[in-house]
Amino acid sequence: MSPTVKSPNPPASAGEGVVVGEVQLVPAPAAVVGVSLGTAPEVSAPEIPAPQVGAPDGGTAPAPRSGERAGRGSAAAAQPVGQVSFVGAGPGDPGLLTVRATELLAEADVVVLDVHSSAEVVRRYAREDVQLVDAGRGDDGQPLARAARARLVVRGAKGGCRVVRLMDGDPTTFTGIAEELAACRKAGVPFDLVPGVSAVSAVPAYAGVPLTASGTTSLHVVDAGGRSVDWAAHAGSGSTVVLLGSPEDLAAAAAALVAAGRPASTPAALTTHGTTTTQATVATTLDGLAQAARDADAAVPVLAVVGDVVDLREQASWYETKPLFGWRVLVPRTKQQAGGVTTRLAEHGATSDVVPTISVEPPRTPQQMEKAVKGLVTGRYEWIGFTSVNAVRAVREKFTEFGLDARAFSGLKVAAVGGVTAAALREWGIEPDLVPEEEQSATGLLKAWPPYDEVLDPINRVFLPRADIATDTLVAGLQEAGWEVDDVTAYRTVRAAPPAAPVRDAIKSGAFDAVVFTSSSTVRNLVGIAGKPHPSTVVACIGPQTAKTAEEHGLRVDVLAPEPNAEALVDALAAYGAALRQSALDAGEVPQRPSQRRGGARRRAR
248 MSPTVKSPNP
258 PASAGEGVVV
268 GEVQLVPAPA
278 AVVGVSLGTA
288 PEVSAPEIPA
298 PQVGAPDGGT
308 APAPRSGERA
318 GRGSAAAAQP
328 VGQVSFVGAG
338 PGDPGLLTVR
348 ATELLAEADV
358 VVLDVHSSAE
368 VVRRYAREDV
378 QLVDAGRGDD
388 GQPLARAARA
398 RLVVRGAKGG
408 CRVVRLMDGD
418 PTTFTGIAEE
428 LAACRKAGVP
438 FDLVPGVSAV
448 SAVPAYAGVP
458 LTASGTTSLH
468 VVDAGGRSVD
478 WAAHAGSGST
488 VVLLGSPEDL
498 AAAAAALVAA
508 GRPASTPAAL
518 TTHGTTTTQA
528 TVATTLDGLA
538 QAARDADAAV
548 PVLAVVGDVV
558 DLREQASWYE
568 TKPLFGWRVL
578 VPRTKQQAGG
588 VTTRLAEHGA
598 TSDVVPTISV
608 EPPRTPQQME
618 KAVKGLVTGR
628 YEWIGFTSVN
638 AVRAVREKFT
648 EFGLDARAFS
658 GLKVAAVGGV
668 TAAALREWGI
678 EPDLVPEEEQ
688 SATGLLKAWP
698 PYDEVLDPIN
708 RVFLPRADIA
718 TDTLVAGLQE
728 AGWEVDDVTA
738 YRTVRAAPPA
748 APVRDAIKSG
758 AFDAVVFTSS
768 STVRNLVGIA
778 GKPHPSTVVA
788 CIGPQTAKTA
798 EEHGLRVDVL
808 APEPNAEALV
818 DALAAYGAAL
828 RQSALDAGEV
838 PQRPSQRRGG
848 ARRRAR
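According to our numbering, the residues represented by the sequence shown are 248 to 853, in order.
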């Protein structure tokens, strides 16, 4: 039996837990802290359910009570020992996770992760029922000793679980893995080790700083917080030094390098939040590195590169110069449909805040939909027209309910409003007969739809599964073309609850750099539940009708997608961002995001 995700209100014995993103971390109990490795399986730890072993009569054998030893031949004695995989989580960007790491996360029953490990990695690759255990602290809020972390790992495996010990960066570089490996070996727990992309190489690469060049004589990686560092050994003028640690440690290390003879004018670069969309790099000199470190976010580890290679950053910078780098973009969509937009935004360097504006619900009365689906099977229709992915999903769910599959579409002509809807049909095994090549909208679909022909079309009826608020344009046009139309409510769109107060404040105050609207309903619903975006916020719309709705609500439309799909919309926004950046550079100014310029002139709706 796989362990389950701890609820937001775990039992008192499990501690309150910490929410990272949307993931609940279960803290280790204070009783674990400070114990020696000893007999690891006996140590109290977060509740990691052990699989129950079948009893001789086919039932479930109970686990031994506390203090009892399992007798020879008992069910508990036969319980298998799980496997522990020590996996590198990489430096922050989920895209840097190795293929083997994704496979192990998908199979894991328990994930024991560091505080800094990306919750996005777990959300993206692990099962929904995986149990997460915070290896960073106990239920008293205090950091766990390395021995206590080792106990957590062994405990999970002794319960028969597949355990992934997710460690920041590469598990073999500046981690406490040695103690945890020793604990597994002593307890007889099998383990393997999956290297990860180390921050030592990844963060400088994302900062545009190669670690070596033609004139580099040596490369040194130094724990800036080390107590016995021979700084003179790292002071050579031809060497590159990578410093890891807290801002305070890096400030002290910079001073120590200068004292050891490294010229104060040596180029240096300091990076915080490396490989994430909040990455920030400051190019300075060794003399200025201490102040740059003091100005950095004290809550996160930082990395600095010292050496002549830093001068190459002007030519090699690629990540922080992305067109939307650092932009915070509001995405008002249903949660199910936001994935493609957010992924594309991340490729251009932006972070996304998805605000659900509608939820998709079944129709209040299912009889009309059921009748239409049965008519589809019995040959009542010549055509079925899908005007959204939600319509495809609604019909597919009804097919599943009736025990039908794609073969029921045999002999039926299928139309799709656009490429995204067509892709949803192809995932179902259905190749649409009609997809408009130009305007991908109800109007475009109507223009491409052939009129009814008494000779060529044996049946003159069309099935349109649509939303309850769909417009009449398509129905009226098909009727004028000679078709009888069954316009059936396949799903309802319900306005979502207002977002949290901080999000509403951010929308109204201009904390968002841009908002992307993918339909007229997202415009209406966002304004209805959260208010109008601030005038400084860049407004991007997927098509003319959506832009018209935005303008009717008093918004100025800055970006219009050349094609009505999410990828084209985000790419158009990226082109707009690139133009803003280049304009600032041409004027000799430092590029600023729209949210940074909100104190200036206000824009008015056209």
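C-beta atoms are modelled at their ideal positions from N, C-alpha and C, and glycine is treated no differently.
CB-CB under 7 Å to Q843, same chain, minus the five flanking residues each way: which ones, in chain order?
Sequence index remark: in the sequence shown, residue 843 carries index 596 (1-based). None.
Could you please give the first and the last residue of the uninterrupted alpha helix (DSSP H) stretch that includes C431?
Counted from its first residue, the sequence shown places residue 431 at position 184. Its alpha helix (DSSP H) spans residues 424–434.
A454: buried (16+ other C-beta within 10 angstroms of its C-beta) or exposed?
The count along the sequence shown starts at 1 and reaches residue 454 at position 207. With 16 or more Cβ atoms within 10 Å of its Cβ, A454 is classed as buried.
Do L832 and I789 have their C-beta atoms closer together than 8 Å?
As a first step, residue 832 is located in the sequence shown; it is residue number 585 there, counting from the start. As a first step, residue 789 is located in the sequence shown; it is residue number 542 there, counting from the start. Contact flag unset, no.
Could you pull out every residue in the same chain whose Cβ sits closer than 6 Å to the Cβ of A348, ignoring the five residues on either side in sequence?
Here residue 348 is taken as the residue at index 101 of the sequence shown, counted from 1. Around A348: V334, V441.
Can you tell me which residues form a DSSP beta bridge with S332?
The sequence position of residue 332 within the sequence shown is 85, counting from 1. Bridge partners of S332: V411, D439.
So which of E629, V709, V557 has the shortest CA-CA distance to T532?
For this step, residue 532 is matched to residue 285 along the sequence shown. Answer by Cα proximity: V557.
Looking at the strands, I want to know which residues DSSP matches up with I776.
Counted from its first residue, the sequence shown places residue 776 at position 529. DSSP, once it has assigned bridges, lists no residue as partnering I776.
Beta-carbon separation of A501 and L466 under 8 Å?
Taking the first residue of the sequence shown as position 1, residue 501 is located at position 254. Taking the first residue of the sequence shown as position 1, residue 466 is located at position 219. Not closer than 8 Å, so no.
Could you compute how far the alpha carbon of D818 sits from the alpha carbon of S830?
To locate residue 818, count along the sequence shown from 1; it is residue 571. To locate residue 830, count along the sequence shown from 1; it is residue 583. Computed Cα separation, rounded: 18 Å.
Closest to T420 by CA distance: which of F438, V624, V444, A822 is it?
The residue given as residue 420 occupies position 173 in the sequence shown. Comparing Cα positions, the closest option is V444.
Taking the straight line between their C-alpha atoms, what separation do you get for V280 and V763?
Counting from 1 along the sequence shown, the entry for residue 280 is found at position 33. Counting from 1 along the sequence shown, the entry for residue 763 is found at position 516. With a pLDDT of only 30 at V280, under the threshold of 50, the placement of this residue in the model should not be trusted, and no figure is reported.
Measuring alpha carbon to alpha carbon, tell me which residue in K645, L711, I706 is nearest V735.
As a first step, residue 735 is located in the sequence shown; it is residue number 488 there, counting from the start. Among K645, L711, I706, the Cα nearest to that of V735 belongs to L711.
To the nearest angstrom, how far is it from the Cα of F856 to the Cα of F646?
The structure shown does not extend to residue 856, since the chain is modelled only from 248 through 853, so no value can be given for it.
Taking the straight line between their C-alpha atoms, what separation do you get for V469 and V489?
Walking along the sequence shown from the start, residue 469 turns up at place 222. Walking along the sequence shown from the start, residue 489 turns up at place 242. Roughly 6 Å between the two C-alpha positions.
Looking at the ligand ADP, does it come within less than 7 Å of A348, judged from the CB to the closest heavy atom?
With respect to the ligand ADP, the structure offers nothing, as it holds no ligand at all.
Taking the alpha carbon of G329 as the reference point, which residue from A355, L550, C408, D386 has its own alpha carbon closest?
Here the question's residue 329 lines up with position 82 in the sequence shown. The residue with the shortest Cα to Cα distance from G329 is C408.
Quick check on the DSSP output: what are the complete alpha helix (DSSP H) runs of length 4 or more inside the region 653–705, in order along the chain?
The qualifying runs are 666–674, 689–695.
What separation, rounded to the nearest whole angstrom, lies between the Cα atoms of S756 and I677?
Locating residue 756 in the sequence shown gives position 509, counting from the first residue. Locating residue 677 in the sequence shown gives position 430, counting from the first residue. If I take the Cα positions, the gap works out to 46 Å.
State the Cα-Cα distance for the pair L725 and N707, rounded to the nearest angstrom.
Locating residue 725 in the sequence shown gives position 478, counting from the first residue. Locating residue 707 in the sequence shown gives position 460, counting from the first residue. Between L725 and N707, the C-alpha separation is close to 10 Å.
Between which residues of its own chain and V804 is the CB-CB distance below 7 Å, once the five residues before and five after are set aside?
Your numbering for residue 804 matches position 557 in the sequence shown. V786, C788, A794, A797, E798.
Under 8 Å, do L672 and P679 count as touching if we go by C-beta distance?
Stepping through the sequence shown from its first residue, residue 672 is reached at position 425. Stepping through the sequence shown from its first residue, residue 679 is reached at position 432. Yes. Within cutoff.
Find out if the Cβ-Cβ distance for the pair A563, P698 is shorter than 8 Å.
Here residue 563 corresponds to residue number 316 of the sequence shown, with the count starting at 1. Here residue 698 corresponds to residue number 451 of the sequence shown, with the count starting at 1. Cβ distance not < 8 Å, so A563 and P698 don't count as in contact.
Along the chain, where does the beta strand (DSSP E) that runs through R708 open and close?
Against the sequence shown, residue 708 aligns to sequence position 461. Its beta strand (DSSP E) spans residues 708–714.
Strictly by DSSP, which residues pair up with D734?
Position 487 of the sequence shown, counted from the first residue, corresponds to residue 734. Answer by DSSP bridge pairing, in chain order: L711.
Considering only residues of the same chain and omitting the five flanking positions on each side of R539, which have a CB-CB separation below 6 Å?
Residue numbering aside, residue 539 sits at position 292 when the sequence shown is read from its first letter. First, the amino acid is wrong: residue 539 is Ala here, not Arg. Result list for A539: L517, V529, T531, in chain order.
For A834, does the three-state DSSP call read helix, strand or coil?
Position 587 of the sequence shown, counting from 1, holds the residue named residue 834. It is coil, neither helix nor strand.
What residue range does the alpha helix (DSSP H) around P811 cover?
By 1-based counting over the sequence shown, the position of residue 811 is 564. Element bounds for P811: n/a, residue is neither H nor E.
Enumerate in chain order the residues of its own chain whose CB-to-CB distance from A597 is below 6 Å, with the five nearest sequence positions on each side excluded.
Residue 597 sits at position 350 when you count from the first residue of the sequence shown. Cβ within range, chain order: L571, W574, V576.
Would you call the region 719–733 in contact with the region 619–635, where contact means no fewer than 3 C-beta pairs closer than 8 Å?
At 8 Å Cβ cutoff, the stretches touch.
Confirm, please, whether the CB-CB distance from G485 to A471 is below 8 Å.
Within the sequence shown, residue 471 is the residue found at index 224, counting from 1. Within the sequence shown, residue 485 is the residue found at index 238, counting from 1. No, these two residues do not count as a Cβ contact at 8 Å.
In this structure, what does DSSP give as the bridge partners for V578?
Position 331 of the sequence shown, counting from 1, holds the residue named residue 578. V601, per the DSSP bridge assignment.
Is the Cβ-Cβ distance between V410 and V359 less than 8 Å?
Here residue 410 refers to the residue found at position 163 of the sequence shown. Here residue 359 refers to the residue found at position 112 of the sequence shown. Yes. Within cutoff.
So what does DSSP say about E495, is it helix, strand or coil?
For this step, residue 495 is matched to residue 248 along the sequence shown. Helix.
Return helix, strand or coil for G867, following the three-state DSSP convention.
Within the shown structure, residues of the chain are numbered from 248 to 853, placing residue 867 beyond reach of any answer.
Please go through the same chain and pick out, in chain order, the residues whose beta-carbon is closer than 8 Å to the beta-carbon of M616, but skip the five residues on each side of it.
Position 369 of the sequence shown, counted from the start, is the residue given in the question as residue 616. Within the same chain, M616 has close Cβ partners P610, A641, K645, P712, V735, T736, A737.
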